[in-house]
Structures are given as C-alpha cells and as structure tokens.
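Reminder that position 92 of the sequence shown reads as 135 in my numbering, one-by-one numbering, no gaps.
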Amino acid sequence: MSAIHGESKLSFAEATSIIVGHGVGSGILAVPYLAAHNSLREILLILLITYVFNLLLHLIIAELSYNNGGAQFISCFNRELFSGKLKKVLTWLAFGLLGLSVLVNVSGFLTGAAAVFRSWFGLSDTLGILLFYVVGAGVVLFGLKLVGICEKYAVAAMIGVIVILFAATLMKPLNALPSGFKGFGNAIALLGMVSFSLSAVMSTPQVVKGLEGDAKRIRGAIALGLGINLCLIFLVTLMTLLGVGKDVTENGALVDLAGKLGGWVSIVGYVFTLLALATSFWANTLNLRDIIHEQTKWGLKPSWLAASLPCLALALFTLASFVSFTRYASAIQVVTGLGIIAAYYLSRKRVGKSELVGRFGTLPFLIAVALGSLLATVGAMMPVK
C-alpha cells in the first residue's frame, strides 16, 4: 500500500493527544454521577472491560481507515459496505445520522462550558456558549496540525491539574466510597458512559492520516491514548466520590467538586473542565469538518463552518441538562460501531491481510465487539436508581 498523506503530519505525542483529547470531555465529567450509583468493585471492573473492548474497536476502525487511505467513516462505508441502487441513499443517510451524533455531542460541550462560566464568573448561558464557541472553533479553523499542537499542551495541562486536584482532595475530609451491589441497570448505565468517555472513534482516522500509515506508531498512539484517558477517568471519578460523596449532580463532576472544596481548588477545577471540553470540541469539530468535506467536496473552510455553526444553534436553542446531552450522543454514536464492524469485515476480506489488528480482527472478536457496542448503547439510555 502506498503511503498515506493527510492534511498535516503529526508527531507521536500529537497523535496520542488527539485520542486523549477526544475522549476527555463531557463523558469523563459525567462518569462520577453514574459511578456514585455503583460500588467501587463494579467501577474498577467496568473500567477494565471497557478499555479492552475500546482498544480493539479503535484498532479495527484504524485498519478500516488504513485500508481506505485514511478516509473517515462515511467514505469507508461508501467504498466497503454500501452497494447497489440504494448505495447513494444509504451513504447520505449514514452521513446524516453520524453528523447528527457529532452535532449533539459538540452541543453538550458548549452547554457544559456554559455551566462552568455561570458558576465561575456568573455569565449567562448564552454568553458562555458564544465565548467558548469563538475560542474553540477558531483553533479548528487552522486545521489538523494546530489542533494536534493544542491537544498536546492541553492534555499535559490536564494531567497536571488532576494531580493537583487529587492532592487537594486528599487534604480535606473524605467521604466513604460507594459499596454494595446496586443493580445491573446501574452497572450497565456506567458501562455505557465509560465506553463513551473512552471513545475516540471519530478521531482515529486523523491518527492514521497524521502518522502517515505507520502501523506501529498508530497502534502505540491508540493504546497509549486510551490508557491515559482511562487513568484520567479513574482519578476524576475517585476524587469526586471522595470529595463530594453522594451529592454528585448532573452538572459535571468538577463543578460539584469545586463547589465543595471552594477557594483556589474551585478555580483549578473550572480550568480543567474548560480544557477537557475544549479538547473534545476541537477533535469532534475537526472530524465533522473532514466528513462534510469528503462527502460534499465543499472545501475545508466551508466545511468547517458547516460543522460548527449548527452545534452553536443547537446549544443555544435546545434545553437539556449537561448529562442528558452526552447520554443522547453516546446512544447514537456507539451504535454506529455496528456499521463500522460490518465495513471492516468486508474490507479485511478485500485486502486479504491485517496490518494493525491481526487475529484479533477475525469474526469471533468482531462479534464480541458488536455485542459490546450493543450493551454500551443500552447502557447509555439506562436510568440509574
């Protein structure tokens, strides 16, 4: 296969950071609310299961994109999955559904940022949404390389902030961690949100293109990125449960933690929240820009505008809580994994070899990943008690 060339070349750290930044956003801040309704044992088990499942899923996606020159999902579906007289209709239908999932997802980032600005500065939700949109969309306007650079520094800053916040939490009176099995429904709901929080499926083709098809570095960036994301999810969840206890709300974990600890910890918590939301905003908007460009051939800048403005409108004119936005998005986006798995199966047969997944991309593993996607989708809509 010829070398893959994308919009810009990424370093390994930038590619890894795009994976981390995509996942560390609305989902990670919603996990503690659902974790509070499960015991520590279930929390740890679910984190392990979802990492293994998501690692395999992301490698499958990477190889599907790799087999199609670094293309995004819709182009892969068009080439591998859809055929016959309905090919064009199905392609546009998939484009619409996937685009809608990203729009809802990004709208959740905007409303989450507005909640932070409201708590920190007392800004109105409308002003907070507009401010975050201008800063976030401005980075994506300049393309993949700037997004990769910004993701790298933002991820480093977030790791530092979490270490500081965790230490500050331990210096305050601690709450008991949740114990006792609280039902399969709560466990499945947590699994759905953790799976969504680890998900960087839309950014995986960016890694394939940015690393120019280097299989070893692609595997390493995905595995390390998901591993860093998993550690951040665990630390954010643990310190929120220790610091806030049973009072975790749907406004986002660190908003609650900052409200409990106050002072400078409050400011640091708000900074982390904004960084986490910004990294996910950059990644998702960049991905949607590329999907629109590949499908419509409008060009990158018009596609950027088409990818970002509807998210702003949805956030401004749709009333939904922070966690509600993210749970709706997770249900739509996780279920697209079924189409990805089917397209990968056909692509693997066509190519006749596997550069990234190897034997873990054979049918039994694909069935396991498909079942995991269905379970995560059910969990995304499962009410907690």
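We put the CB at the ideal spot given by N, CA and C, even for glycine.
Fair warning: this is a prediction, and the values are worked out from it, not measured in the lab.
Item                                                                                                                                                                             : Value
Of all the options S167, L213, E255, A232, which has the alpha carbon lying nearest to the alpha carbon of K52?                                                                  : E255
Can you tell me the Cα-Cα spacing of P407 and G395, whole angstroms?                                                                                                             : 17 Å
Looking only at its own chain, which residues have a Cβ that is under 6 Å from the Cβ of S45, when we skip the five neighbours before and after it?                              : The predicted position of S45 is uncertain, since its pLDDT is 48 and thus under 50; no value can be drawn from it.
Starting from V250, trace the alpha helix (DSSP H) both ways and give me its first and last residue.                                                                             : 247-253
Quick check on DSSP: helix, strand or coil for T316?                                                                                                                             : helix
Quick check: the Cα distance between F360 and S351, rounded to an integer number of angstroms?                                                                                   : 15 Å
I want to know whether the segment 113-133 touches the segment 283-292 - three or more CB-CB distances under 8 Å.                                                                : no
Can the beta-carbon of G341 be found less than 8 Å from the beta-carbon of V183?                                                                                                 : Per the sequence shown, residue 341 should be read as Trp rather than Gly. Cβ atoms of W341 and V183: not closer than 8 Å.
Is G139 near G49, with beta carbons less than 8 Å apart?                                                                                                                         : no
Among residues of its own chain, excluding the 5 on either side of L208, which ones have a beta-carbon nearer than 8 Å to its beta-carbon?                                       : M282, L297, L300, V308, V311, G312, F315
Is the beta carbon of Y387 sitting closer than 8 Å to the one on L107?                                                                                                           : yes
Would you tell me roughly how many angstroms separate the C-alpha atoms of L90 and M214, rounded to the nearest one?                                                             : 26 Å
Quick check: the Cα distance between G268 and L275, rounded to an integer number of angstroms?                                                                                   : 11 Å
Quick check: the Cα distance between L399 and L98, rounded to an integer number of angstroms?                                                                                    : 12 Å
Checking 8 Å against the spacing of the C-beta atoms, do E57 and K259 come in under that value?                                                                                  : no
In this structure, how does DSSP classify F160 when only helix, strand and coil are distinguished?                                                                               : helix
Would DSSP call E123 helix, strand or coil?                                                                                                                                      : helix
Can you name, in chain order, every residue of its own chain whose Cβ lies under 8 Å from the Cβ of I202, other than the five neighbours on each side?                           : I271, L275
What separation, rounded to the nearest whole angstrom, lies between the Cα atoms of L317 and A180?                                                                              : 14 Å
For I103 versus G305, is the C-beta spacing smaller than 8 Å?                                                                                                                    : no
According to DSSP, is V427 part of a helix, a strand, or is it coil?                                                                                                             : coil
Mapping the DSSP letters down to three states, classify M236 as helix, strand or coil.                                                                                           : helix
For the segment 62-99, which segments carrying the alpha helix (DSSP H) assignment without a break, of at least 4 residues, lie completely within its bounds, in sequence order? : 69-78
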